[in-house]
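Novice: Pasting a structure here, questions to come.
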Amino acid sequence: MQYSIFALGYSYFIYSLERQKRIQELELNNRQLEIQQLHTEYNFLKAQVNPHFLYNTLNTLFSHAQYYSEELADNILKLSEIMRYSIEGLDKDNGMVNLKDEVHHLHNLIDIHQLRFSNELQIDFSVSGPVGDFTIPPLVFITFVENALKYGELKNSSHPLIIRLDAYQDRIRFYCRNKKKKKVFEKSSGIGIQNVLKRLDVSYKGKYEVETNNEEEFYTLELTLYV
Numbered sequence: 018m019q020y021s022i023f024a025l026g027y028s029y030f031i032y033s034l035e036r037q038k039r040i041q042e043l044e045l046n047n048r049q050l051e052i053q054q055l056h057t058e059y060n061f062l063k064a065q066v067n068p069h070f071l072y073n074t075l076n077t078l079f080s081h082a083q084y085y086s087e088e089l090a091d092n093i094l095k096l097s098e099i100m101r102y103s104i105e106g107l108d109k110d111n112g113m114v115n116l117k118d119e120v121h122h123l124h125n126l127i128d129i130h131q132l133r134f135s136n137e138l139q140i141d142f143s144v145s146g147p148v149g150d151f152t153i154p155p156l157v158f159i160t161f162v163e164n165a166l167k168y169g170e171l172k173n174s175s176h177p178l179i180i181r182l183d184a185y186q187d188r189i190r191f192y193c194r195n196k197k198k199k200k201v202f203e204k205s206s207g208i209g210i211q212n213v214l215k216r217l218d219v220s221y222k223g224k225y226e227v228e229t230n231n232e233e234e235f236y237t238l239e240l241t242l243y244v
């Protein structure tokens, strides 16, 4: 009995020391832990749905779709490219991709949605500045645009979806404004946006600004990254 009590007390003492040491390590390596947490979250998502499987499946669909519709095949290829981009971008050691690649896949995303809606979407998208000179976390701007495409009323030519991406010497400015749908049957979980903000905290902690304006009819988002 005495031995058991001693062993229990000693184990608790060791546990307390290890716990205190762990707390100190967490405080000293907070940034590294944030990065590890993001990798853990990404690996969890990969475990739920293997993106490599989806990517290979899309390539198979592309090869078959060529016999029926060049337009359909082209958009399947674009979706496949976005999937590959998301895999390769998130697998990079530094978690960063070239901004021009993000712009390229923004165009792919818009083209895919235009096919879904018979090219009736009203979208005003412009890019300026040396986008090839910068790197960003992948899927940042794509997530914001996808959200606008999902919840925006985009068939009114008087109120198009406005997307501006401007690269300057010391900053990147992203602007997105859309008219809101009057009825939305699917509520937003906000997970995608939250994930983007987490990744920005790691890559641009204290060096980015996000401003949103949720009006009755319009939603506006402006993101500035200081580089």
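Residue 47 in my numbering sits at position 30 of the sequence shown, and the numbers go up by one each step.
For every residue, glycine included, the Cβ atom is placed at its ideal position computed from N, Cα and C.
Under 8 Å, Cβ to Cβ, is there at least one residue of chain C near V114?
Specialist: You won't find chain C in this structure, because it holds only one protein chain.
Novice: With distances taken between CB atoms, is the gap from V162 to L126 smaller than 8 Å?
Specialist: Yes; because the gap between Cβ atoms is below 8 Å, this pair is in contact.
Novice: How far does the beta strand (DSSP E) with D150 in it reach, from first residue to last?
Specialist: First-last for D150: undefined, no H or E at that position.
Novice: Could you tell me the distance, in whole angstroms, from the CA atom of G149 to the CA atom of H124?
Specialist: For G149 and H124, the distance between alpha carbons rounds to 16 Å.
Novice: Residues in the same chain with beta-carbon distance under 7 Å from T160, minus the five sequence neighbours each way, listed in chain order, please.
Specialist: Closer than 7 Å at the Cβ level, and outside the excluded window around T160, lie G209, I210 and V213.
Novice: Would you mind sorting Y84 into buried or exposed? The rule is 16 or more other CB atoms within 10 Å of its CB.
Specialist: Exposed, since its Cβ has fewer than 16 Cβ neighbours within 10 Å.
Novice: To which residues of the same chain is V157 closer than 6 Å at the C-beta, ignoring the five residues directly before and after it?
Specialist: Excluding sequence neighbours, V157 sits near V213.
Novice: What would DSSP say about V114, mapped onto helix, strand or coil?
Specialist: It is a strand residue.
Novice: Checking the sheet assignment: what are the DSSP bridge partners for D183?
Specialist: Beta-bridge pairing links D183 to S145 and R190.
Novice: State the DSSP-derived secondary structure class of N230, mapped to helix, strand or coil.
Specialist: Strand at N230.
Novice: Considering only DSSP beta bridges, list what T237 is partnered with.
Specialist: In DSSP, T237 forms a bridge with R194 and N230.
Novice: Determine the direct distance from the alpha carbon of A82 to that of E232, and round the result to whole angstroms.
Specialist: So the alpha carbons of these two residues sit roughly 42 Å apart.
Novice: Roughly how many whole angstroms lie between the Cα atoms of N173 and Q139?
Specialist: Approximately 7 Å, taken between the alpha carbons.
Novice: Please go through the same chain and pick out, in chain order, the residues whose beta-carbon is closer than 7 Å to the beta-carbon of V120, but skip the five residues on each side of it.
Specialist: V144, V148 and L182.
Novice: Do R190 and T241 have their C-beta atoms within less than 8 Å of each other?
Specialist: Yes; because the gap between Cβ atoms is below 8 Å, this pair is in contact.
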